[in-house]
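Protein chains in written order, with the working numbering: chain Y, 252 to 754; chain R, 252 to 754.
2 protein chains.
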Amino acid sequence: MALELTGKHLIAGKWVGGDKTFSSAPAHGEARTFANGSPAEIDAAVKAAEAAFLTYGYSTREDRAAFLNAIADEIEARGAEITEIGTQETGLPEARLNGERGRTTGQLRLFASHILNGEYLDRRYDPALPDRTPPRPDIRLMERPIGPVGVFGASNFPLAFSTAGGDTAAALAAGCPVVVKGHNAHPGTGEIVAQAILAAINKCGIDAGVFSLIQGEGRDIGEALVQHPLIRAVGFTGSLRGGRALFDLCARRPEPIPFFGELGSVNPMFLLPDAVSARGDEIANGWVGSLTMGAGQFCTNPGIAVVLEGAEGEAFVETAKAGLEKVNAQTMLTDGIAAAYRSGASKIEGTEGVKAVLTTTCDLRNAKPYLFATTGAAWLANHELGEEVFGPLGMVVAVTDTDEMLKVAESLEGQLTCTLHLDPGDADLGRRLMPVLERKAGRILANGFPTGVEVSDAMVHGGPYPASTNFGATSVGTMSIRRFLRPVSYQNIPHALLPADLR
Amino acid sequence: MALELTGKHLIAGKWVGGDKTFSSAPAHGEARTFANGSPAEIDAAVKAAEAAFLTYGYSTREDRAAFLNAIADEIEARGAEITEIGTQETGLPEARLNGERGRTTGQLRLFASHILNGEYLDRRYDPALPDRTPPRPDIRLMERPIGPVGVFGASNFPLAFSTAGGDTAAALAAGCPVVVKGHNAHPGTGEIVAQAILAAINKCGIDAGVFSLIQGEGRDIGEALVQHPLIRAVGFTGSLRGGRALFDLCARRPEPIPFFGELGSVNPMFLLPDAVSARGDEIANGWVGSLTMGAGQFCTNPGIAVVLEGAEGEAFVETAKAGLEKVNAQTMLTDGIAAAYRSGASKIEGTEGVKAVLTTTCDLRNAKPYLFATTGAAWLANHELGEEVFGPLGMVVAVTDTDEMLKVAESLEGQLTCTLHLDPGDADLGRRLMPVLERKAGRILANGFPTGVEVSDAMVHGGPYPASTNFGATSVGTMSIRRFLRPVSYQNIPHALLPADLR
């Protein structure tokens with residue numbers, strides 16, 4: 252198919268757009284004009300979502316699985332256009348967008364099979380005990396969809412965390428209609444994916460209110476979405492500042508709703524002495540790859556390496572420096588992200604106790620890596636050093652001894668991931684670190700790098716604040732469907748009136 | 252054992268109390284003096300809880316089960332004193348307190364067996380796929396305890412929702428230390444239960460920081476508890492106003508935490524025509540019993556009956572009136588609750604379109620039932636009629652037809668329960684109501700009454716706001732343990748470093 256864009260919102264099956272527009276700011280190619288949404292359009296989309304819930308919320312799991320698979324098929328059918336517009340808008344390379352498309356369709360198909368097996372319903376049954384004093388009634392429990400869900404597209408995953416990304420897939424799988432506030436960094440990519448979803452809606456004969464995409468760049472639409480009385484929950488991936496503002500709006504509603512925000516992380520790695528001794532260079536080179544992949548624009552980018560001070564720690568820094576020097580400039584997602592990267596680096600460079608190991612000049616939207624080094628004492632004294640700088644910026648924290656390494660671990664804020672690099676001789680120190688790190692992060696890994704988040708049953712992409720706003724939830728993997736479900740008990744309900752899945 | 256009270260707080264195994272005191276206001280017998288807590292005492296208790304988590308959070312399920320069973324044993328050993336002080340303080344009859352004690356110990360034992368079977372850990376395992384491109388690492392997921400939990404005792408369940416009640420049992424079962432802010436309506440009852448917990452701590456050799464009870468009547472201690480940086484979640488049962496204030500404090504923290512508040516409900520019943528025809532009197536008499544049990548001081552008290560207007564509806568009202576007239580005055584839990592009951596009744600009586608069917612004069616702390624009748628139109632026009640009045644107050648809403656019955660259902664705020672009374676000929680109307688009610692309540696029941704909440708696997712005691720502040724959670728039943736857990740992924744972690752439950 253040729254790339255054809257309406258530049259409009261998709262509201263319940265209709266492409267609509269008013270007088271207000273905004274211009275895209277692609278990394279390559281020409282800017283395009285898109286409709287710029289308003290609270291009125293959010294309202295229309297959410298009302299259509301609520302109306303669609305009356306049927307979609309009671310659809311069979313088989314029908315929803317077929318719908319999810321149809322969306323995946325329709326995305327695949329538009330693969331070339333998605334990559335064409337996606338690379339223009341985001342500056343991400345073609346191979347990355349092709350891979351991310353596979354991740355996105357894989358995610359949709361995974362949720363299709365996940366709901367078919369029915370375990371997510373968490374059905375529980377207490378049979379009646381009529382002879383007990385007092386008699387126990389028949390009680391059955393099942394998870395039910397919550398209603399319309401608001402989803403915010405993320406700048407750094409134009410496919411896998413945006414229009415038909417993980418939040419949308421999980422909500423649709425649960426039985427919840429979705430209203431997406433598209434990210435203004437990739438409106439064209441969002442539109443093509445919305446076209447795919449609409450095609451699947453038509454193919455499956457589903458109420459078109461089940462999905463809407465509102466384009467725009469104003470804060471007012473996001474605020475209207477999270478405050479709409481018919482929205483039951485929100486999925487968000489983005490910055491701490493923006494996410495916290497929306498979280499606060501959700502909490503202040505007359506009827507508060509959950510805001511599932513994934514707000515980022517510095518993803519520290521702890522390098523234990525035997526591992527550094529045996530394979531410091533290998534770890535350093537692995538780090539260079541993980542830190543600079545996708546211009547470092549991953550939520551799980553490992554920004555901090557904690558190592559014992561001394562010759563082996565210094566060698567690690569030198570190897571990392573040598574590796575990072577060879578990394579070419581990479582295009583960042585937006586001018587704003589590139590500017591924030593530069594100012595974040597300056598702020599760190601100006602912090603007392605921090606040494607610049609490798610600095611660089613980035614022009615406009617391009618990024619090259621930075622590497623800084625500091626001491627455990629300086630880290631512990633400067634809380635800001637633990638704040639995320641989005642991009643390929645690494646910092647090595649050299650601690651005086653294992654006790655200080657523990658202190659650095661204890662000082663951490665909530666993280667998406669914490670990593671241990673350890674050899675068998677490091678096991679005792681690993682055992683001391685494990686209970687500390689387990690409380691700090693949603694995922695603990697050993698002898699690997701946190702980028703490349705597996706979409707699977709056992710994945711947790713979340714963690715204590717500010718990694719996420721709900722430490723009990725994950726935004727990746729099949730468990731993420733839980734965010735859009737609520738348990739309901741049915742007591743002595745006649746068989747014919749029970750939901751089909753409980754009969 | 253003889254009734255012996257220190258009148259002090261229990262902080263990590265020590266009975267402590269400063270200069271500040273308050274006086275209890277028992278329904279019967281003499282007032283007693285109790286320590287009146289301060290934020291400093293909350294701080295000491297929470298810090299001890301955090302210290303205890305370092306061992307208790309890593310205890311085996313077998314050890315925690317033994318501890319829960321020991322608490323139940325120690326409560327049983329103090330049964331006579333608990334009932335003695337409990338009846339004095341709350342005015343609840345002896346049989347009720349004995350029954351509630353059984354519910355409390357049963358709940359503790361249920362959680363002991365629940366954690367032993369291990370299903371609550373929700374373990375998930377994605378085995379490594381080394382030959383895949385890219386290779387998949389070994390990923391394992393398990394639910395882990397979150398850390399110190401704050402619990403607020405409830406006035407209406409001095410045992411089952413207070414010191415060693417459902418929230419405490421669930422948190423301790425999960426592996427979380429607990430700091431209880433005791434309800435000032437039953438400080439002596441709370442102290443005896445705390446004595447039982449301390450005895451179990453000593454018997455099992457557990458860090459005494461795992462449990463503290465802070466007595467007091469000031470709002471400052473509750474506010475200090477929910478805002479303490481080391482508290483990870485809060486369990487609360489109480490009023491909408493008080494609960495919302497604490498919810499807001501939790502949401503506004505620098506690091507927001509979940510506030511699991513169960514804030515009450517009017518628990519409407521829908522009486523379908525064939526059922527009213529066939530057994531209107533039976534339903535009316537059942538309602539009288541459920542509505543007035545325990546002076547109507549249950550969260551699941553069914554305050555509203557919706558019925559079609561006409562002769563059969565009027566007969567239902569008359570039967571209910573006749574039954575309610577025979578109910579004796581009952582002592583309410585506190586003077587404040589009795590005063591709120593009277594003012595709530597006056598407000599309803601003064602609402603346009605409301606007819607007083609049965610009014611009463613309650614003196615001081617005593618309550619007799621009220622019965623009001625209104626029309627569907629008046630109900631729909633007056634949102635306040637849907638607000639809970641705590642006590643034995645019933646309202647019959649007579650609707651013109653089944654469409655108006657649906658409208659009343661659609662107008663409801665979130666509820667703990669909704670009830671259908673229906674006969675086989677009512678099935679079509681039941682089918683229309685089910686999807687509406689399912690979105691309004693945590694539990695839907697048929698041909699029964701919502702009081703007498705079963706503590707079991709399939710129970711949901713929760714629901715959309717304002718029934719609870721987290722529609723995804725329950726505060727009764729084994730599923731309530733989820734509130735105090737968070738999922739953690741372990742990726743490629745060496746066997747020896749995995750938590751025992753994942754090896």
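Backbone N, C-alpha and C fix where the C-beta goes; we use that ideal spot for every residue, glycine too.
{"Check": "Determine which residues share a DSSP beta bridge with residue 377 (chain R) and list them.", "Outcome": "R:390"}
{"Check": "So who's on the other strand from residue 274 (chain Y), going by DSSP bridges?", "Outcome": "Y:284"}
{"Check": "So, at 8 Å on beta carbons, what are the nonlocal neighbours of residue 586 (chain R) in its own chain, with the 5 sequence-adjacent residues on each side left out?", "Outcome": "276, 615, 616"}
{"Check": "Could you tell me if residue 409 (chain R) is buried or exposed, where buried requires 16 or more neighbouring beta carbons within 10 angstroms of its beta carbon?", "Outcome": "buried"}
{"Check": "Output, in sequence order along the chain, the residues in the segment 375-408 of chain R whose CB is closer than 8 Å to any CB in chain Y.", "Outcome": "375, 376, 377, 385, 387, 388, 390, 391, 392, 395, 397, 398"}
{"Check": "Taking the runs of the beta strand (DSSP E) that are 3 residues or longer, which of them lie wholly in the segment 277-351 of chain Y?", "Outcome": "284-286"}
{"Check": "Assuming residue 522 (chain R) is part of the beta strand (DSSP E), what are its boundary residues?", "Outcome": "520-522"}
{"Check": "Residue 703 (chain R) and residue 516 (chain R): beta carbons closer than 9 Å?", "Outcome": "no"}
{"Check": "With C-beta atoms as the reference, is residue 429 (chain Y) less than 9 Å away from residue 300 (chain Y)?", "Outcome": "yes"}
{"Check": "In the DSSP assignment, find the unbroken alpha helix (DSSP H) run with residue 691 (chain Y) in it and report its ends.", "Outcome": "678-691"}
{"Check": "Check whether the segment 352-362 of chain Y touches the segment 397-415 of chain Y, taking contact to mean three or more Cβ pairs, one atom from each stretch, closer than 8 Å.", "Outcome": "yes"}
{"Check": "Using the beta-carbon of each residue, which ones in chain Y are nearer than 8 Å to residue 511 (chain R)?", "Outcome": "Within chain Y, no residue comes near residue 511 (chain R); the closest Cβ sits about 11 Å away, beyond 8 Å."}
{"Check": "For residue 695 (chain Y), which residues in chain R fall below 8 Å Cβ to Cβ?", "Outcome": "739, 740, 741, 742, 744"}
{"Check": "Is the beta carbon of residue 303 (chain Y) sitting closer than 9 Å to the one on residue 363 (chain Y)?", "Outcome": "no"}
{"Check": "Ends of the alpha helix (DSSP H) at residue 671 (chain Y)?", "Outcome": "No alpha helix (DSSP H) contains residue 671 (chain Y), which is instead part of the beta strand (DSSP E) from 666-672."}
{"Check": "Are the beta-carbon atoms belonging to residue 342 (chain R) and residue 542 (chain R) less than 9 Å from one another?", "Outcome": "no"}
{"Check": "When you compare each of R:634, R:653, R:281 to residue 340 (chain R) by their alpha carbons, which one comes out closest?", "Outcome": "R:281"}
{"Check": "Could you tell me the alpha carbon to alpha carbon distance between residue 648 (chain Y) and residue 655 (chain Y), rounded to whole angstroms?", "Outcome": "10 Å"}
{"Check": "Quick check: the segment 629-639 of chain R against the segment 471-487 of chain R, are there 3 or more CB pairs under 8 Å?", "Outcome": "no"}
{"Check": "For residue 734 (chain Y), count neighbouring C-beta atoms within 10 Å of its own C-beta (all shown protein chains included) and say buried if the count is 16 or more, exposed if not.", "Outcome": "buried"}
{"Check": "Where residue 347 (chain R) and residue 460 (chain Y) are concerned, what is the direct C-alpha to C-alpha distance, given to the nearest angstrom?", "Outcome": "51 Å"}
{"Check": "Just confirm the distance between the C-beta atoms of residue 572 (chain Y) and residue 622 (chain Y), as a whole number of angstroms; I'd bet it's less than 8 Å.", "Outcome": "6 Å"}
{"Check": "Excluding the 5 residues flanking residue 746 (chain R) on each side, which residues of the same chain have their C-beta closer than 7 Å to its C-beta?", "Outcome": "754"}
{"Check": "At the 9 Å Cβ level, is residue 699 (chain R) part of the contact set with chain Y, yes or no?", "Outcome": "yes"}
{"Check": "Taking Cβ-Cβ distances below 9 Å as the criterion, which residues of the segment 292-326 of chain Y are in contact with chain R?", "Outcome": "304, 305, 308, 309"}
{"Check": "Starting from residue 498 (chain Y), follow the alpha helix (DSSP H) in both directions and report where the run begins and ends.", "Outcome": "491-503"}
{"Check": "Pull out every residue of the segment 680-692 of chain Y whose Cβ sits closer than 8 Å to any Cβ of chain R, in chain order.", "Outcome": "681, 682, 685, 686, 689, 690, 692"}
{"Check": "Check the Cβ-Cβ distances between residue 520 (chain R) and every residue of chain Y, and say whether any is below 9 Å.", "Outcome": "no"}
{"Check": "Apart from the five residues on each side of it in sequence, which residues of its chain come closer than 7 Å, Cβ to Cβ, to residue 491 (chain R)?", "Outcome": "514, 515, 717"}
{"Check": "What are the boundary residues of the alpha helix (DSSP H) that residue 625 (chain Y) is part of?", "Outcome": "No alpha helix (DSSP H) holds residue 625 (chain Y); the beta strand (DSSP E) holding it covers 621-626."}
{"Check": "Please report the Cβ distance between residue 288 (chain R) and residue 467 (chain R), rounded to the nearest whole angstrom; I am assuming they are in contact, meaning their Cβ atoms lie under 8 Å.", "Outcome": "4 Å"}
{"Check": "Anything in chain R within Cβ reach of residue 507 (chain Y), meaning under 8 Å, just list it in chain order.", "Outcome": "498, 502, 716, 720"}
{"Check": "Which chain Y residues sit within Cβ distance under 7 Å of residue 442 (chain R)?", "Outcome": "None at all; the shortest Cβ gap to chain Y is about 30 Å."}
{"Check": "Shortest alpha-carbon distance to residue 739 (chain R) belongs to which of R:729, R:750, R:732, R:730?", "Outcome": "R:750"}
{"Check": "So, helix, strand or coil for residue 616 (chain Y), using DSSP?", "Outcome": "coil"}
{"Check": "Is it right to say residue 562 (chain R) is buried, meaning 16 or more other beta carbons lie within 10 angstroms of its own, or is it exposed?", "Outcome": "exposed"}
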